[in-house]
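Colleague:
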Amino acid sequence: MAALWTDRRRLLAGAGGLTAATSLGACGNAKIVGFDKVKRSLDICNQGEPLSLDPHKASGQWENNILGNMFVGLTTENPLAEPIPGMAERWETSEDGRTWTFYLRRASWSDGEACDAHDFEFAFKRILDPENLAEYAAILYPIKNAQAVNQGEMEPENVGVRAIDDLTLEIQLEHPAPYLPQLLMHYTAYPVPKHIVERYGDDWVQPENIVVNGAFNLVRWWSNYIVHLERNPRFFDAPNVVLEHLYFYPSNDVNAAARKVMSGEAGWSTRFPSNQVEQLRRDLPGFVRVAPYLTCNYFSFNTTRPPFNDMRVRQALTMAYDRDFVASQIYRTGERAAYSFVPPGIANYPATARYQWADRPIEDRKREAERLLRAAGFGPNNPLRFEFSHRNTSDNPRVAVVVQNDWNSIAPWVTVELRGVETQVHYANLRAKNFDAGDGGWIADYNDAKNYLYLLETRTGPQNYSGYSNPVYDGLVHQSDFEADGARRGQLMAQAEQIVLDDAPICMSVFINSTNLVHPDLTGYEDNISDYHRARWFGIRNA
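Note that our numbering has the sequence shown beginning at 991, numbered continuously upward.
1) Could you spell out where the beta strand (DSSP E) holding residue 1379 opens and where it closes?
2) Using only the alpha-carbon positions, how far apart do residue 1160 and residue 1094 sit?
3) Quick one: what does DSSP say residue 1301 is sitting in, helix, strand or coil?
4) Could you tell me which residues DSSP puts in a beta bridge with residue 1162?
5) Using only the alpha-carbon positions, how far apart do residue 1403 and residue 1396 sit?
6) Measure the Cβ-Cβ separation of residue 1546 and residue 1320 and say whether it is below 8 Å.
7) Here's the rule I'm using: 16 or more other beta-carbon atoms within 10 Å means buried, otherwise exposed. How should residue 1228 be labelled?
8) Taking 8 Å as the limit between beta carbons, can you name the residues of its chain near residue 1324, skipping five residues before and five after?
9) Whose C-beta lies closer than 6 Å to the C-beta of residue 1138 among residues of the same chain, with five residues either side of it excluded?
10) Quick check on the DSSP output: what are the complete alpha helix (DSSP H) runs of length 4 or more inside the segment 1081 to 1138, in order along the chain?
11) Which residue from 1441, 1481, 1448 puts its Cα closest to that of residue 1129?
12) Quick check on residue 1470: does DSSP put it in helix, strand or coil?
13) Would the beta-carbon of residue 1203 fall within 8 Å of that of residue 1431?
14) Counting along the chain, where does the beta strand (DSSP E) carrying residue 1208 start and finish?
15) Assuming residue 1177 contacts residue 1048 under a Cβ cut-off of 8 Å, what Cβ separation, rounded to an integer in Å, is found between them?
16) Just to confirm the assignment: which complete alpha helix (DSSP H) runs, minimum length 4, are found wholly within the segment 1178 to 1233?
17) For a quick check, are the C-beta atoms of residue 1234 and residue 1033 less than 8 Å apart?
18) Residue range of the alpha helix (DSSP H) that residue 1397 falls in?
19) In the DSSP assignment, what are the bridge partners of residue 1407?
20) Counting along the chain, where does the alpha helix (DSSP H) carrying residue 1525 start and finish?
21) Quick one: Cα of residue 1392 to Cα of residue 1406, how far?
22) Go to residue 1239, then tell me how far its beta strand (DSSP E) extends in each direction, as first and last residue.
23) Within 8 Å, do at least three Cβ pairs link the segment 1058 to 1075 to the segment 1518 to 1530?
24) Whose C-alpha, out of 1092, 1076, 1135, is nearest the C-alpha of residue 1154?
25) Would you say residue 1161 reaches chain D, if we count a Cβ-Cβ gap shorter than 8 Å as a contact?
26) Please list the terminal residues of the continuous beta strand (DSSP E) segment that includes residue 1283.
27) Run through the DSSP bridge pairs and tell me what residue 1258 is partnered with.
28) Among the residues of its own chain, which have a CB less than 8 Å from the CB of residue 1104, if the five just before and after it don't count?
29) For residue 1472, does the count of other Cβ atoms within 10 angstroms reach 16, so buried, or fall short, so exposed?
30) Mapping the DSSP letters down to three states, classify residue 1052 as helix, strand or coil.
31) Assign residue 1275 to one of two classes, buried (16 or more other C-beta atoms within 10 Å of its C-beta) or exposed (fewer than that).
32) Residue 1408: buried (16+ other C-beta within 10 angstroms of its C-beta) or exposed?
33) Report the partner residues of residue 1067 according to the DSSP bridge assignment.
34) Quick one: Cα of residue 1477 to Cα of residue 1290, how far?
35) Identify whether residue 1175 lies in helix, strand or coil by the three-state DSSP scheme.
36) Can you tell me which of 1510, 1518, 1516, 1309 puts its alpha carbon nearest to the alpha carbon of residue 1533?
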């Protein structure tokens, strides 16, 4: 069998797409490397290479997949991604909803030092300190004085988080935030070890220095190759953690990731090529997992410079894009064309906002797009030329070709050039406004419309990729923060969403589903709308 295994690896290495799949059936009894039941190890094809494993420096889902196994916040996720007690065993809320008191369990870092309320206070003040340059800090702006501190208007000690004693933490808010237990699951709200960060500075996340409070320790991190985590015996729930080792491999190429699962070199891939779903279901019975997902793909227009500082240009391109074709022909796993910003399934939201031209045929929309571009001053004597940047992962390159064709077909004088970029670099360019138009996606950090609408607030900063600023929009979102009536709050947010759709700083594409390949003998993996799957819940069938 060893020779056959070697031949199989050679075959897969040279195969394009998934064409080697049907050649693998004869080797069904080959040694499983990616899910070793004896060693209790799992190899994972992750979406990208982490830029950082510091919870205050991370910004991508591929980093979240790793960090969520290393750290636990005040709340954490159950297998269905619902908030449950994490480091906090329970909490209380004041009548006005603005003061939350958390009562922590006795727990330790992986070096044996106590992990307590002081670490949480330190962590919240650290991530909001502008000197830390945390690009995701704006998600914590519901905390009292968080925005003022993050924008350098107050000192970090003014952040509304304080350790009352070792096991009691108080968080004061600017406004009621009923979604706070969900928000506190996010890695921006993880504790960091004060004693280690103060000793090593930014080097605290190096494998030789790092300590964690979650289910798995960081053992090694070889850049662009592997992140190896090992079970943490000091984790508060360590006796119930089955797996001993997790190996994360950056896997920008979803076809290659699928081949690794087919060959037995990986037991889980966090994405697969959606257009190959039927072949994968045939060749990997029981592996394919497709589920609704609180995420959207959209294109940002850089409104800070021409030509996208002109709303007519943005509206024209948004109108001329055939998102229905992309949803049905590029994706093959039930994706829906996006005619709104907030995806279906968001809790307590009326979902009334929609592109006003959504029901018009695509040819009518393209004629209107040409009229808008001519009104903006473009035509044969002043052609419109710009670059569309896209992620070189998953189905994004194929979507980009459709985008290019749709926009070029508006008129002969429209020219769109494509630029494929590595995912991490691409998002860095978006945050730095170093692009003309660019694709992107947003995965809900918590199940509330605010998690989408905050992206386009003026105050959000780097994650407002388009640089959009509309005081009326900002005012409606701000007003919704202080609205106690749930129905009225939803109406205010829907009004704000409609403004964004009309102004078109972004072009909505599709609401995608999560697509995972999971070994059927890996138990404890549950489909959920957040696509969060923490290995502390995993077990082994037929071990």
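Here a beta-carbon is modelled for each residue, glycine too, at the ideal position from N, C-alpha and C.
Modeller: The structure says:
1) For the purposes of this step, residue 1379 is taken as residue 389 along the sequence shown, with counting starting at 1. It spans 1374 to 1381 - the beta strand (DSSP E) in which residue 1379 sits, taken as one unbroken run.
2) As a working note, residue 1160 is residue 170 in the sequence shown. As a working note, residue 1094 is residue 104 in the sequence shown. Their Cα atoms are separated by approximately 11 Å.
3) Here residue 1301 is taken as the residue at index 311 of the sequence shown, counted from 1. Three-state DSSP puts residue 1301 in a helix.
4) The count along the sequence shown starts at 1 and reaches residue 1162 at position 172. In DSSP, residue 1162 forms a bridge with 1089.
5) Along the sequence shown, one-based indexing puts residue 1403 at 413. Along the sequence shown, one-based indexing puts residue 1396 at 406. So the alpha carbons of these two residues sit roughly 13 Å apart.
6) Here the chain covers residues 991 to 1533 and nothing more, so residue 1546 does not appear.
7) Along the sequence shown, one-based indexing puts residue 1228 at 238. When all chains shown are included, residue 1228 counts as exposed.
8) Residue mapping note: residue 1324 aligns to position 334 of the sequence shown, counting from 1. 1280, 1503.
9) For the purposes of this step, residue 1138 is taken as residue 148 along the sequence shown, with counting starting at 1. The residues are 1144.
10) 1107 to 1118
11) Indexing the sequence shown from 1 puts residue 1129 at position 139. When only C-alpha atoms are compared, the closest one is 1441.
12) By 1-based counting over the sequence shown, the position of residue 1470 is 480. It is helical.
13) In the sequence shown, counting from the first residue as 1, residue 1203 sits at position 213. In the sequence shown, counting from the first residue as 1, residue 1431 sits at position 441. No, they are not a contact pair.
14) Residue numbering aside, residue 1208 sits at position 218 when the sequence shown is read from its first letter. Where residue 1208 is concerned, the enclosing beta strand (DSSP E) stretches over 1206 to 1212.
15) For this step, residue 1177 is matched to residue 187 along the sequence shown. For this step, residue 1048 is matched to residue 58 along the sequence shown. Yes, they are in contact, since the Cβ atoms of residue 1177 and residue 1048 sit about 6 Å apart, within 8 Å.
16) 1184 to 1190
17) To locate residue 1234, count along the sequence shown from 1; it is residue 244. To locate residue 1033, count along the sequence shown from 1; it is residue 43. Not a contact, by the Cβ cut-off of 8 Å.
18) Position 407 of the sequence shown, counting from 1, holds the residue named residue 1397. 1386 to 1398 is the span of the alpha helix (DSSP H), which, as asked, contains residue 1397.
19) In the sequence shown, counting from the first residue as 1, residue 1407 sits at position 417. According to DSSP, which records beta bridges pairwise, residue 1407 is partnered with 1377.
20) Mapped onto the sequence shown, residue 1525 falls at position 535. Element bounds for residue 1525: n/a, residue is neither H nor E.
21) Sequence index remark: in the sequence shown, residue 1392 carries index 402 (1-based). Sequence index remark: in the sequence shown, residue 1406 carries index 416 (1-based). Their Cα atoms are separated by approximately 11 Å.
22) On the sequence shown, residue 1239 is found 249 positions in, with the first residue counted as 1. Here the beta strand (DSSP E) through residue 1239 covers 1235 to 1240.
23) yes
24) On the sequence shown, position 164 is the one that residue 1154 refers to. When each option's Cα is compared against that of residue 1154, the closest is 1092.
25) Checking the listed chains, one finds no chain D in this structure; it contains a single protein chain.
26) Mapped onto the sequence shown, residue 1283 falls at position 293. It is not in any beta strand (DSSP E) - residue 1283 carries neither H nor E in the DSSP assignment.
27) Numbered from its first residue, the sequence shown carries residue 1258 at position 268. For residue 1258, which the question treats as bridged, DSSP gives the partners 1034, 1508.
28) Translated into the one-based positions of the sequence shown, residue 1104 becomes position 114. Here the set comprises 1096, 1097, 1098, 1156.
29) Residue 1472 sits at position 482 when you count from the first residue of the sequence shown. Exposed, by the Cβ-count rule.
30) The sequence position of residue 1052 within the sequence shown is 62, counting from 1. If DSSP states are grouped into helix, strand and coil, residue 1052 belongs with the helices.
31) The residue you call residue 1275 lines up with position 285 of the sequence shown. Residue 1275 comes out exposed.
32) Taking the first residue of the sequence shown as 1, we reach residue 1408 at position 418. With fewer than 16 other Cβ atoms within 10 Å, it is exposed.
33) Mapped onto the sequence shown, residue 1067 falls at position 77. According to DSSP, residue 1067 bridges with 1073.
34) Locating residue 1477 in the sequence shown gives position 487, counting from the first residue. Locating residue 1290 in the sequence shown gives position 300, counting from the first residue. The alpha-carbon atoms of residue 1477 and residue 1290 are separated by roughly 30 Å.
35) Indexing the sequence shown from 1 puts residue 1175 at position 185. Coil.
36) As a first step, residue 1533 must be located in the sequence shown, where it is residue number 543. When each option's Cα is compared against that of residue 1533, the closest is 1510.
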